[in-house]
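Novice:
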Amino acid sequence: MVDLHLTADVASPGERAAVDAAIGPDGAVVVHESERSIVAGRTRRQSRRHWLLPALHALQAEAGWISPGGLNHVADRLQIPPAEVFGVASFYGLFRTDDPGHTGSVTHVCVDPACEIAGASDLADELERAGSAVQRGPCLGQCERAPARFVQGRGEPDHVPADDAVPFRLPRPGQPHRRLTARLGVVDPTSLDSYREHGGYGALTTAIAMGPDAVIEAVTAAGLWGRGGAAFPTGVKWRAVAAQPGPDKHVVANADESEPGTFKDRLLMEHDPFALLESLTIAGLATGAERGWIYIRGEYPLATSRLRQAIDQARAVGWLGADVGASGRSFDVELRRGAGAYICGEETALFNSIEGFRGEPRNKPPYPTTSGLFGRPTVVNNPETLVNVLPIISAGPAAYRSLGTDDSPGTKLFCLSGSLRRPGLYEVPFGTTLRALLLAAGTEIDRLRAVLLGGAAGTFVGPESLDLPLTLEDARAAGATLGSGAVMPFDDRVDLAAVVTRIAEFFRHESCGQCVPCRVGTTRQHEVLLQLRPGRPLADDRRQLLDDMARVMLDASICGLGHTAAGAVRSALDLGIIGEST
Amino acid sequence: MFGAGGGTSSYQEIEQTDLIVLWGSNAREAHPIFFHHLLRGIENGARMYCVDPRRTASAKFADRWLGIDVGSDVALANGVGREIIAAGLADTDFIRRSTRGFDDYERAVEPYTLDRVSALTGVPVAAISELAHAYATAESAQLLWTLGITEHHNAVDNVLALCNLALLTGHVGRWGSGLVPLRGQNNVQGGGDMGALPDRLPGFQSVADADVRSRFEEVYGRPLDPHPGLHLTLMFEAMARGELRALYVIGENPAESEADIGHARDALAGLDVLVVQDIFLTRTAEMADVVFPASVGWAESEGTVTSSERRVQRVRPAVVPPGEAHHDIDILVDLAHAMGSELGPRRPEAVWDELRQLSPVHRGMSWARLEAEGGLQWPCPDLDHPGSPFLHGWLWEDGLAGREPAPFSVVEHAGPTDVLTTGYPLRLTTGRALDSFNTGVQSGALDSPIRYGDELEVNPDDARDLELDQGERVRVCSARGSVEMHVRHQPDLPRGLTFTTFHFPGLVDTNVLTTDAWDPKSGTAEFKAAAIRIEKLSAHPQGTAGG
């Protein structure tokens with residue numbers, strides 16, 4: 081616990097300064113009040129553990145890796161055993177625990193399907209030839225501008241070259257009904273005044289007047305369900321947390337958008353950051369939680385800075401703080417950056433990550449509504465889910481239900497990338513057919529071979545499903561999923577076996593390894609796919625192995641990653657995309 | 002305390018208490034098993050204050066460490082007591098109903114103002130006040146101490162000063178609240194229970210009590226001496242005077258563990274007869290006329306041990322003693338036989354039953370019950386009694402169950418006898434390390450990756466002023482003698498304080514330095530407070546290449 085045994089390695093002055101700045105003036109656990117009186121203890125230690133992730137970010141940015149000396153300094157400041165600090169640091173893709181051997185920035189290049197189709201490998205080779213340090217890795221959430229790059233800065237801030245190079249605009253066709261994206265490209269995302277001019281904080285004002293019960297009632301009546309992939313009714317979740325006593329509760333925006341092919345939350349946060357803050361505040365007031373958190377993936381530097389700016393502005397004028405919007409209620413938001421771990425999008429893994437532990441999922445129950453962040457009742461919602469609350473409160477549930485279907489009311493954000501001419505974010509009413517969506521995005525329907533719905537954790541559908549109405553109920557009936565809203569068509573120029581194998585590789589890499597079914601299952605699945613020969617059928621015993629693995633992962637994995645890791649592969653096999661003679 | 006020779010509480014209580022005050026105890030290293038219970042308490046939400054001259058490994062777990070000057074414990078305790086009274090936080094109902102002597106106590110502690118106590122102890126005023134308020138307002142609180150309290154010339158005063166605090170706040174005789182002296186070995190408590198005390202018969206019964214004596218005499222079949230014997234320190238003084246001529250040592254190594262060791266060895270060497278019974282050929286055994294090789298208590302013997310929570314537990318042999326080693330009971334019975342006396346049956350259960358017959362607190366602990374119930378905590382007066390998780394519940398009963406109220410004690414600050422002077426300007430205190438046990442008889446043969454030997458730990462700033470390098474070999478001198486040791490810089494020590502263990506007497510005779518001052522009330526020696534100076538062995542540090 082706390083009689084730490086550190087190695088002799090010492091942090092550089094720069095590393096010390098970076099860590100101390102990240103954890104703040106009261107971040108250190110041990111306080112030498114005088115030579116004869118020293119304060120420390122479990123309460124201080126526990127209440128500061130959550131600074132571990134920011135401290136590691138600071139070290140990584142300063143030194144390019146988590147050096148032994150820097151690690152010792154973090155361990156000492158936060159009174160965490162150095163082995164645990166190493167365990168956390170080595171969990172994340174954006175932290176290095178070995179000396180990089182150079183002092184420059186690192187360019188991450190996405191090699192997942194949409195980017196691969198767009199020439200990611202060539203880009204990576206080219207960057208390397210030009211002398212950049214390149215790391216090939218999973219989806220960076222920029223599929224609409226593939227191939228994607230993210231620069232992990234050293235001596236410069238983290239940044240995405242495309243943020244400066246490509247002016248933002250939404251694709252126009254096929255989007256007459258824009259609710260969630262109405263302000264995108266219109267409002268000045270850096271200005272609270274501009275947000276106010278475009279109707280911002282009207283919903284919160286209304287919500288304060290309505291009171292918590294009525295807000296939850298409206299969200300329930302609107303039939304809103306979660307957009308992160310699990311489609312759980314939002315009102316039920318809010319009601320459960322509201323029913324828990326006391327103000328020591330949390331609402332969390334799960335902005336760790338890492339599902340390959342998904343970038344909707346990034347665009348919402350980059351171009352309408354106050355909307356997420358406003359809706360998170362409504363969630364806090366409705367559920368009686370006094371603390372809000374935004375856990376944003378580490379590869380989203382622009383969204384991160386815009387949200388930070390928005391939080392500061394909202395705090396300055398009282399939209400956050402001790403008396404939110406003159407409601408007499410206290411609510412504030414803290415932002416945390418992830419560090420390159422797909423699994424941290426799983427809600428309980430996300431809690432562990434914020435709390436300063438390895439981002440490994442917890443067993444459920446207990447569910448977050450009773451024991452979530454820091455063991456307290458917690459609402460976790462996807463940003464898209466949260467911003468849906470604004471039109472529900474502003475216009476009322478009935479108006480909200482004027483679009484979509486009975487079971488899937490409202491609109492849905494779809495992220496289109498892959499074999500199409502107009503990749504981008506599309507907001508359409510539920511019930512729009514897959515064909516209409518693909519046509520709007522410029523897919524050549526006659527060359528279409530398969531569509532991946534919901535990202536790597538989703539399912540493939542074939543051209544015969546083009547008339548599938550995109551609703552929760554229709555997707556379920558078809559054995560498919562909308563998942564996170566990623567829609568990725570592939571035409572006859574794409575090596576689908578390579579796409580499916582890459583998905584299997586992705587899960588093998590992203591499995592946290594905590595539970596055996598997922599750790600072994602994702603590995604075996606990938607191994608079988610690597611044995612596939614083009615145009616050759618899958619041997620019966622290999623097929624049987626995949627089926628067995630899929631079943632074990634579904635039955636016995638701790639979290640959704642294992643539950644969904646075999647879905648895309650199996651649907652590809654079922655559709656004959658892979659493993660059959662062509 | 003209050004007439005019973007054991008800690009008041011169960012281990013389980015520290016897991017459930019609200020406040021832990023660890024005073025003069027480095028349990029993390031010296032009582033690692035107990036410390037696991039303590040850590041569970043901390044994990045369950047207990048706050049901990051640690052009072053110790055050193056910021057020990059244990060202190061690092063505390064919410065606040067109070068770095069007290071060595072030997073100023075009474076001053077701090079009195080100051081805490083005064084602050085509790087002054088702040089109106091004393092449990093006046095409890096004091097009125099269950100204690101006596103409060104008025105005298107209140108008068109006695111009145112001069113111990115926060116400012117004065119801060120000057121006497123070196124602890125800041127705010128920290129003293131915080132400890133007082135935390136202890137007084139806690140729902141339940143455990144006050145624990147070890148040798149940092151008792152290895153002083155005023156050990157009993159130190160203990161009484163702490164007991165006063167419990168009486169002041171009612172933190173005794175209730176579940177979760179208690180006074181807990183931690184014992185140094187698995188069976189220190191058992192030794193006392195069985196009468197290995199100069200003035201007590203088994204079960205803490207006084208040898209001066211004629212009724213008690215007559216019961217023992219009836220069973221033993223011979224008259225007993227009504228006069229108390231000598232405790233260890235008095236024995237050595239009697240040896241030095243030539244009055245004590247023969248010594249039978251069972252499982253002790255005084256030739257290495259006594260304070261002012263030169264004096265102690267002279268005394269042992271001057272005996273007519275020295276008999277040693279031990280599991281190793283210790284330094285003391287080497288001096289003996291006769292050595293009885295004994296079996297190991299925990300692996301080769303059958304019997305009982307009693308832990309610090311007064312729990313009597315069965316132990317069983319796992320292996321046969323090697324060579325000529327014999328069970329302690331056999332050695333004693335055979336020796337008695339050779340001397341023309343029969344002690345009775347050798348069977349451990351029969352010996353135990355004889356004890357039960359004579360010691361009321363053990364009477365209900367049948368062999369079968371000890372076996373079936375995983376041990377029992379005394380007092381356990383009859384077969385239907387469940388044992389006693391905590392002591393002194395009577396303090397809270399109506400009419401105190403017919404007993405006398407518990408007394409406050411007036412005790413005054415008296416610093417260490419070995420005062421700091423310009424000749425000996427540094428304070429040396431001694432203690433234990435996690436991986437070694439006392440003089441190393443039982444632990445020295447085992448390797449450990451975290452063993453440094455007996456180094457002299459020095460505050461880094463003091464080391465800088467004295468130009469002492471890390472690892473430098475120096476001469477450490479007290480008024481009694483000097484030894485050579487290596488220096489180790491230790492930022493966890495306040496300035497002016499030095500520290501060493503005494504686990505490796507073959508390498509460093511630490512107890513050459515310690516003082517032979519001892520507490521006339523308990524017989525414990527002042528291992529914790531010597532005055533020393535450090536001398537460099539050469540004027541200029543050696544070994545810098547090219548220098």
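In the order they appear, the protein sequences are chains Y and G.
Residues 81 to 662, numbered by our numbering, are exactly what the first sequence covers, in order.
Residues 2 to 548, numbered by our numbering, are exactly what the second sequence covers, in order.
Ideal Cβ placement from N, Cα and C applies to all residues, glycine included.
Rounded to the nearest angstrom, what separates E142(Y) and E95(Y) at their Cα positions?
Specialist: Position 62 of the first sequence, counted from the start, is the residue given in the question as residue 142(Y). Position 15 of the first sequence, counted from the start, is the residue given in the question as residue 95(Y). Taking the straight line joining both Cα atoms gives about 6 Å.
Novice: Check K61(G) in the structure and name its three-state DSSP category.
Specialist: By 1-based counting over the second sequence, the position of residue 61(G) is 60. Helix at K61(G).
Novice: Quick one, are the C-beta atoms of V81(G) and L132(G) less than 8 Å apart?
Specialist: Position 80 of the second sequence holds residue 81(G). Position 131 of the second sequence holds residue 132(G). Yes. Within cutoff.
Novice: Using a Cβ cut-off of 7 Å, which residues of the stretch 53-75 of chain G contact any Cβ in chain Y, in chain order?
Specialist: R56, A58, K61, F62, A63, D64, R65, W66, L67 and G68
Novice: As an exercise, report each continuous alpha helix (DSSP H) stretch of at least 4 residues that is fully enclosed by the stretch 166-204 of chain G, in chain order.
Specialist: Those alpha helix (DSSP H) runs which fall completely within the stretch 166-204 of chain G and span 4+ residues are 189-194.
Novice: Please classify E485(G): does DSSP put it in a helix, a strand, or coil?
Specialist: For this step, residue 485(G) is matched to residue 484 along the second sequence. The answer is strand: DSSP assigns E485(G) an E or B state.
Novice: In chain order, what residues of the same chain lie with their CB nearer than 7 Å to the CB of V411(G), ignoring the 5 residues before and after it?
Specialist: The residue you call residue 411(G) lines up with position 410 of the second sequence. Within the same chain, V411(G) has close Cβ partners D105, Y106 and A109.
Novice: Looking at C-alpha atoms only, which residue of G89(G), R98(G), R101(G) and G123(G) is the closest neighbour of R116(Y)?
Specialist: Translated into positions along the first sequence, residue 116(Y) becomes position 36. From the listed residues G89(G), R98(G), R101(G) and G123(G), the smallest Cα separation to R116(Y) is found for G123(G).
Novice: Please determine whether the Cβ atom of R122(Y) lies at a distance below 7 Å from any heavy atom of the ligand ADP.
Specialist: The model depicted lacks the ligand ADP and carries no ligand whatsoever.
Novice: In the DSSP assignment, find the alpha helix (DSSP H) that holds V186(Y) and state where it starts and stops.
Specialist: Here residue 186(Y) refers to the residue found at position 106 of the first sequence. V186(Y) -> not in any alpha helix (DSSP H); beta strand (DSSP E) instead, spanning V186 to C190.
Novice: Helix, strand or coil: how does DSSP classify Q443(G) here?
Specialist: As a position in the second sequence, residue 443(G) is number 442, starting the count at 1. Three-state result, Q443(G): coil.
Novice: CB I21(G) to CB G42(G), shorter than 8 Å?
Specialist: Locating residue 21(G) in the second sequence gives position 20, counting from the first residue. Locating residue 42(G) in the second sequence gives position 41, counting from the first residue. Yes, the Cβ-Cβ distance between I21(G) and G42(G) is below 8 Å.
Novice: Going by the CB atoms, is the gap between F540(Y) and A652(Y) shorter than 8 Å?
Specialist: Translated into the one-based positions of the first sequence, residue 652(Y) becomes position 572. Translated into the one-based positions of the first sequence, residue 540(Y) becomes position 460. Going by C-beta atoms, A652(Y) is nearer than 8 Å to F540(Y).
Novice: Check whether the stretch 548-558 of chain Y and the stretch 503-522 of chain Y are in contact - that is, three or more C-beta pairs closer than 8 Å.
Specialist: Cβ pair count under 8 Å is three or more, so yes.
Novice: Spatial neighbours of A210(Y) within its chain, please: CB distance less than 7 Å, with the 5 preceding and 5 following residues excluded, ordered by chain position.
Specialist: Sequence index remark: in the first sequence, residue 210(Y) carries index 130 (1-based). So no residue of the chain qualifies.
Novice: What distance in whole Å lies between the Cβ atoms of A256(G) and M288(G), which are believed to be in contact at a cut-off of 8 Å?
Specialist: Numbered from its first residue, the second sequence carries residue 288(G) at position 287. Numbered from its first residue, the second sequence carries residue 256(G) at position 255. A Cβ-Cβ distance of about 6 Å is found for the pair M288(G) and A256(G), placing them in contact under the 8 Å criterion.
Novice: Taking the straight line between their C-alpha atoms, what separation do you get for P216(Y) and T187(Y)?
Specialist: In the first sequence, the residue the question calls residue 216(Y) occupies position 136. In the first sequence, the residue the question calls residue 187(Y) occupies position 107. The sequence shown places Arg at residue 216(Y), not Pro. When rounded, the distance between both Cα atoms is 8 Å.
Novice: For the putative contact between Y172(Y) and A333(Y), defined by C-beta atoms under 8 Å, what is the C-beta separation to the nearest angstrom?
Specialist: As a position in the first sequence, residue 172(Y) is number 92, starting the count at 1. As a position in the first sequence, residue 333(Y) is number 253, starting the count at 1. For a cut-off of 8 Å, the C-beta gap from Y172(Y) to A333(Y) is around 20 Å, too long to register as a contact.
Novice: Applying a beta-carbon distance threshold of less than 8 Å, which residues of chain Y neighbour R496(G)?
Specialist: Working through the second sequence from its first residue, we reach residue 496(G) at position 495. Within 8 Å Cβ-Cβ: E115.
Novice: Pull up the distance between the alpha-carbon of E667(Y) and that of I374(Y), whole angstroms please.
Specialist: Lying before the first or after the last residue shown, residue 667(Y) is absent from chain Y, which here runs from 81 to 662.
Novice: Interface residues of chain Y around M49(G) at Cβ under 9 Å?
Specialist: Position 48 of the second sequence holds residue 49(G). Result: G121 and R122.
Novice: Would you mind stating whether P269(Y) and R395(Y) have Cβ atoms separated by less than 8 Å?
Specialist: Here residue 269(Y) corresponds to residue number 189 of the first sequence, with the count starting at 1. Here residue 395(Y) corresponds to residue number 315 of the first sequence, with the count starting at 1. It is not a contact, given that the beta carbons lie outside the stated cut-off.
Novice: Indicate whether the contact test is met: 3 or more Cβ pairs, each with one atom in the stretch 61-73 of chain G and one in the stretch 137-152 of chain Y, closer than 8 Å.
Specialist: Counting C-beta pairs closer than 8 Å gives fewer than three between the stretch 61-73 of chain G and the stretch 137-152 of chain Y, which falls short of the contact rule.
Novice: Just verifying my parser: in three-state terms, what is the DSSP assignment at Y221(G)?
Specialist: By 1-based counting over the second sequence, the position of residue 221(G) is 220. Looking at Y221(G) - three-state DSSP - the assignment turns out to be helix.
Novice: Closest to V173(G) by CA distance: which of P199(G), S141(G) and L198(G) is it?
Specialist: Taking the first residue of the second sequence as 1, we reach residue 173(G) at position 172. The shortest Cα separation from V173(G) among P199(G), S141(G) and L198(G) belongs to S141(G).
Novice: Is G221(Y) near G563(Y), with beta carbons less than 8 Å apart?
Specialist: Stepping through the first sequence from its first residue, residue 221(Y) is reached at position 141. Stepping through the first sequence from its first residue, residue 563(Y) is reached at position 483. Note that the C-beta distance between G221(Y) and G563(Y) is not below 8 Å.
Novice: For V22(G), return the contacting residues in chain Y, with the cut-off set at a CB-CB distance below 7 Å.
Specialist: Position 21 of the second sequence holds residue 22(G). Here the premise fails: no neighbours, minimum Cβ distance about 13 Å.
Novice: Verify whether the separation of the beta carbon atoms of H328(G) and S302(G) is less than 8 Å.
Specialist: Position 327 of the second sequence, counting from 1, holds the residue named residue 328(G). Position 301 of the second sequence, counting from 1, holds the residue named residue 302(G). Against a cut-off of 8 Å, the Cβ pair of S302(G) and H328(G) comes out as a contact.
Novice: With three or more beta-carbon pairs closer than 8 Å as the criterion, would you say the stretch 271-284 of chain Y touches the stretch 434-448 of chain Y?
Specialist: no
Novice: Which value, in whole angstroms, describes the spacing of the CA atoms of R259(Y) and D526(Y)?
Specialist: If you number the first sequence from 1, residue 259(Y) lands on position 179. If you number the first sequence from 1, residue 526(Y) lands on position 446. Cα atoms of R259(Y) and D526(Y): separation of roughly 32 Å, rounded to the nearest angstrom.
Novice: Is it buried or exposed for K747(Y), if we count other Cβ within 10 angstroms and need 16 for buried?
Specialist: Residue numbering for chain Y in the displayed model covers 81 to 662; residue 747(Y) lies beyond these limits and cannot be assessed.
Novice: Check this for me: beta carbons of E343(G) and A351(G), under 8 Å apart or not?
Specialist: Indexing the second sequence from 1 puts residue 343(G) at position 342. Indexing the second sequence from 1 puts residue 351(G) at position 350. In this structure, E343(G) lies away from A351(G), with their beta-carbon atoms at least 8 Å apart.
Novice: For Q222(Y), which three-state DSSP category applies?
Specialist: The residue labelled residue 222(Y) in the question sits at position 142 within the first sequence. In this structure, Q222(Y) counts as coil in the three-state DSSP scheme.
Novice: Comparing C-alpha positions only, which one of A532(G), W379(G) and E310(G) sits nearest to I34(G)?
Specialist: Position 33 of the second sequence, counting from 1, holds the residue named residue 34(G). Taking only the C-alpha atoms, the option nearest I34(G) is E310(G).
Novice: Relative to chain Y, which residues along the stretch 123-137 of chain G have a C-beta separation below 7 Å, given in chain order?
Specialist: G123, V124, P125 and A128
Novice: Assign L282(G) to buried or exposed, taking buried as 16 or more other Cβ atoms, counted over all protein chains shown, within 10 Å of its Cβ.
Specialist: For the purposes of this step, residue 282(G) is taken as the residue at position 281 of the second sequence. Exposed, by the Cβ-count rule.
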